[in-house]
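Structure first, commentary second.
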Amino acid sequence: MTKPPPTVRDLIRAHYSALTQSERKFAQALLDSYPAAGLASITIVAANAGVSTPTIARMVQKLGFKGYPQFHQALLRELEAKVSGPTQRRANWASEAPATHSLNRFAQAVTQNIEQTFANIDSARFDAAARLLADTDGRLYLVGGRITRALADYAFTHFQAVRGRVTHMTSSSATWPHYVLDMAKGDTLLMFDIRRYETSLMRLAEIATARGVRVVLITDQWMSPISDLATHTFNCWVEIPSAWDSNISTMMLLEALIAAVQEERWPATRERYEELDALFNATRLFQK
1 MTKPPPTVRD LIRAHYSALT QSERKFAQAL LDSYPAAGLA SITIVAANAG
51 VSTPTIARMV QKLGFKGYPQ FHQALLRELE AKVSGPTQRR ANWASEAPAT
101 HSLNRFAQAV TQNIEQTFAN IDSARFDAAA RLLADTDGRL YLVGGRITRA
151 LADYAFTHFQ AVRGRVTHMT SSSATWPHYV LDMAKGDTLL MFDIRRYETS
201 LMRLAEIATA RGVRVVLITD QWMSPISDLA THTFNCWVEI PSAWDSNIST
251 MMLLEALIAA VQEERWPATR ERYEELDALF NATRLFQK
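First residue of the sequence shown? That's 1 in UniProt numbering, and the numbers climb one at a time after it.
In structure tokens form, the structure reads like this:
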């Protein structure tokens with residue numbers, strides 16, 4: 001299975017150093033409102049960015065496109081991929097499925113997703129996010145969406161053992177104002193949001209950041225709009241030969257963060273583990 005082609009966003013970042021000042025102006029305008037800023041005609045896009053049409057034409061060629069129409073089509077395909085539902089995703093995979101067993105195709109896709117995800121994680125950004133998640137001067141809140149709420153629940157089970165002051169927000173957005181009521185500057189909110197991105201999560205991020213809460217976002221390769229508000233954003237590759245997206249690479253990144261937070265707080269975390277084990281023994285919850 002071949003690797004997915006780079007997004008326009010990826011191409012801009014890879015070629016940014018080769019762009020002129022006016023080309024960078026358009027590139028920044030596109031990244032600030034991605035991909036909407038590039039979906040109109042070249043004349044409208046140029047006017048909105050305050051650059052000339054030749055500037056845009058030169059830049060898209062530097063990114064590897066023959067011309068603006070191909071650049072425009074690439075953005076449209078990304079937008080279509082963002083909003084596609086299960087039926088369309090299944091049709092896409094069915095039309096391209098190799099003639100091998102589904103187990104092999106699934107394993108190849110998952111392995112590729114994991115490799116792509118970890119290849120695109122900046123270690124310094126990862127370490128900074130781990131320090132935020134480990135900071136008990138503020139509370140840590142966790143929340144997921146319709147599918148990713150299972151990840152938030154998994155994260156809560158582990159982070160509650162690793163550190164204190166952890167709150168798992170329920171999956172019902174109607175209850176979220178009760179949690180926001182106690183949020184304060186210096187708190188951290190770990191959010192999971194993959195396509196189709198949920199408007200309720202976006203609104204929660206807006207309200208939380210307005211209160212000084214730092215957001216750590218785990219999303220997919222197309223990037224939730226919450227990334228515009230997040231202190232740290234991590235992209236996980238999620239496509240598999242299925243009508244559904246996969247959470248395997250997302251889970252691996254989450255477990256890596258949990259392990260990093262554990263090490264960041266050791267030996268305080270070791271004391272919590274020992275006390276927790278004593279409580280498990282007292283309740284006789286597990287067999288010896």
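Beta carbons: idealized from backbone N, C-alpha and C, even for Gly. Small disclaimer: the values here were computed from a predicted structure and weren't measured.
- Using a Cβ-Cβ distance cut-off of 8 Å, the segment 98-118 and the segment 245-254 are in contact, since at least three pairs of beta carbons, one from each stretch, lie closer than that value.
- When DSSP assignments are scanned along the segment 230-255, the uninterrupted stretches of beta strand (DSSP E) that are 3 or more residues long and fall wholly within it turn out to be 232-236.
- Listed in chain order, the non-local C-beta contacts of A40 below 8 Å within the same chain comprise N48, local neighbours out to five positions each way being set aside.
- By the Cβ rule, the segment 129-138 does not count as touching the segment 223-230, because fewer than three pairs are nearer than 8 Å.
- A straight-line Cα-Cα distance of about 18 Å links W266 and A278.
- Counting along the chain, I207 sits inside no beta strand (DSSP E); it lies in the alpha helix (DSSP H) bounded by residues 199-210.
- The Cβ neighbour count for D193, taken over all protein chains shown within 10 Å, is at least 16; the residue is labelled buried.
- If the five residues before and after I56 are omitted, its C-beta is found closer than 7 Å to the C-beta atoms of F26, I42, V45, A46, Y68, all from its own chain and listed in chain order.
- Each residue's CA atom was taken as its position, placing L217 and L103 some 31 Å apart.
- Around the beta carbon of T117, a 10 Å sphere encloses 16 or more other beta carbons of the protein chains shown; the residue is thus reported as buried.
- Nearest C-alpha to G186 among A259, V213, Q70, F65: V213.
- In terms of Cβ geometry, Y179 and M169 form a close pair [threshold 8 Å].
- Rounded to whole angstroms, the gap between the alpha carbons of T269 and L253 is 20 Å.
- Beyond the five residues adjoining it in sequence on each side, D137 comes within less than 8 Å, by CB distance, of G186 in the same chain, given in chain order.
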